[in-house]
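My numbering applies: residue 588 is where the sequence shown begins, and numbers increase by one. Note that CB positions come from ideal geometry on N, CA and C, so glycine has one too. Since we're looking at a predicted model, the values are computed, not measured. Each remark here refers to the structure printed beneath this line.
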Amino acid sequence: MNKPATNKPARPPKGPGRPAAAPATALDADIRPGQSVELLKELHILTRDGKLNQDSRRKLKQVYHLYQFIEKLLLEIPPSEGGPGIVDHGAGKSYLGFILYDLFLKPRGAGHMYGVETRPELVDRSKALAQRLGFDRMGFLHLSAADAVHSDLLPATVDMVTALHACDTATDDAIDFGLARNARYLVLVPCCQAEVAASLRQNKALSLARTPLAELWRHPIHTRELGSQLTNVLRCLYLEACGSSAGSALGSRGKRWASSPCNPNSPSTARSRCAALRLRWPVRLAMISSFFRLCSQPTSSVTVT
Ligand SMILES: C[S@@+](CC[C@H](N)C(=O)[O-])C[C@H]1O[C@@H](n2cnc3c(N)ncnc32)[C@H](O)[C@@H]1O
588 MNKPATNKPA
598 RPPKGPGRPA
608 AAPATALDAD
618 IRPGQSVELL
628 KELHILTRDG
638 KLNQDSRRKL
648 KQVYHLYQFI
658 EKLLLEIPPS
668 EGGPGIVDHG
678 AGKSYLGFIL
688 YDLFLKPRGA
698 GHMYGVETRP
708 ELVDRSKALA
718 QRLGFDRMGF
728 LHLSAADAVH
738 SDLLPATVDM
748 VTALHACDTA
758 TDDAIDFGLA
768 RNARYLVLVP
778 CCQAEVAASL
788 RQNKALSLAR
798 TPLAELWRHP
808 IHTRELGSQL
818 TNVLRCLYLE
828 ACGSSAGSAL
838 GSRGKRWASS
848 PCNPNSPSTA
858 RSRCAALRLR
868 WPVRLAMISS
878 FFRLCSQPTS
888 SVTVT
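Here's what the structure looks like:
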């Protein structure tokens, strides 16, 4: 029988994913103890001769920043036999997944990391890289985030769902996936939110004639920004309506990733508030369709002022 996993790192493994031999240059600040230099080369963060690739440095910093936040959450997960299960949506080249595996799952000898991605060439590339590095508890699935919600290729329950700049509504699908699989944590950094903005853009002239509030989205740049703001607000209400705390990590590029909500809503208040918001804003969305089904159920009357 496997030993139950603990949150303490095990001794570093041997093999191609072996740790860096104590880096002794200016790279020290960028490479963590035990981190696979081979991986950083494969991700083009380091050049073939081991120098830091300046173009990729920003990506590495971004992923480390997120890693620090995620690590604290992973440490709060009670140890289990299989270790934590993490699913990353819109994985792309899987920088985040590989770094999470290398820094957290690999030293503990437990846990699984899955990447969900719609571009088959990126899925194949990540599979090949994981195999080369001996990262055998990583899996990559050629699936859309929406299809992942019902896929039996992924575990029935997972500990964490991540989505770093998953395009447009893929973040909503990642939320649905996390709720369906009882994830303890959703770590979401949304990107290029287009759906609400497109909805605001429709009938803009009519909206302007009807309400001075439409000034908030008259200029194209404001349409995008307000669309993004409304999307995040609706996502938080959705999570609260489903009984989750929505403080988590909803934020946009470069903004704070972690926040705690002021006076969290109860599920029924979140539903009423969303219904009231939808009366105020001319958004017609397929986004989070299950949420809108929830919100069309009778609610107590709440006025948004
Ligand atoms: C901006 S990239 C981010 C990649 C990676 N998470 C990162 O931060 O480096 C977005 C990725 O999401 C993938 N994607 C877009 N829509 C998707 C969907 N509905 N389901 C799964 N992946 C999707 C794209 O193919 C792309 O690789």
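Reduced DSSP secondary structure (H/G/I, E/B, other) of residue i
i	result
H806	coil
V748	strand
G814	helix
G684	helix
F727	strand
S623	strand
L662	helix
L766	helix
T612	For T612, the predicted model reports a pLDDT of 46, less than 50, meaning its position is unreliable; a value from the coordinates is still stated below. T612: coil per DSSP, three-state reduction.
L639	strand
L630	coil
P851	coil
C829	coil
R645	helix
S859	helix
H823	In the sequence as displayed, the identity of residue 823 is Cys instead of His. Here C823 sits in helix by DSSP.
I618	coil
A753	coil
Start-to-end residues for the beta strand (DSSP E) that takes in residue i
i	result
E704	699-704
V674	672-676
L775	772-776
Per-residue burial, residue i [other beta carbons within 10 Å of its own, 16 or more giving buried]
i	result
D739	exposed
K648	exposed
E625	buried
G604	Low confidence applies to G604: its pLDDT is 45, below 50, so where it sits in the model is not reliable, and the reading given next is rough at best. Result: buried.
E827	buried
L661	buried
D711	exposed
L824	buried
S815	buried
Euclidean distance between Cα positions of residue i and residue j
i	j	result
L709	P799	46 Å
A638	K680	Residue identity differs from the one stated: residue 638 is Lys in this sequence, not Ala. One C-alpha to the other measures close to 20 Å.
T612	T810	Note that T612 scores a pLDDT of 46, beneath 50, so its modelled location is shaky and nothing firm can be said.
Y701	R645	24 Å
Q622	P694	9 Å
G721	L690	14 Å
L633	S859	51 Å
W804	L630	40 Å
G726	C754	21 Å
V776	H699	21 Å
H676	A732	6 Å
L837	G696	Note on L837: pLDDT 44, under 50, position unreliable in the model; no value is reported.
Limits of the unbroken alpha helix (DSSP H) element including residue i
i	result
L793	791-797
Q718	707-720
D734	732-735
A743	No alpha helix (DSSP H) holds A743; DSSP gives it neither H nor E.
G784	One detail in the question is off: residue 784 reads as Ala in this sequence, not Gly. Start and end: 782-788.
Chain D within 8 Å of residue i, Cβ atoms only
i	result
L630	Of the protein chains in the structure, only one exists, and it is not chain D.
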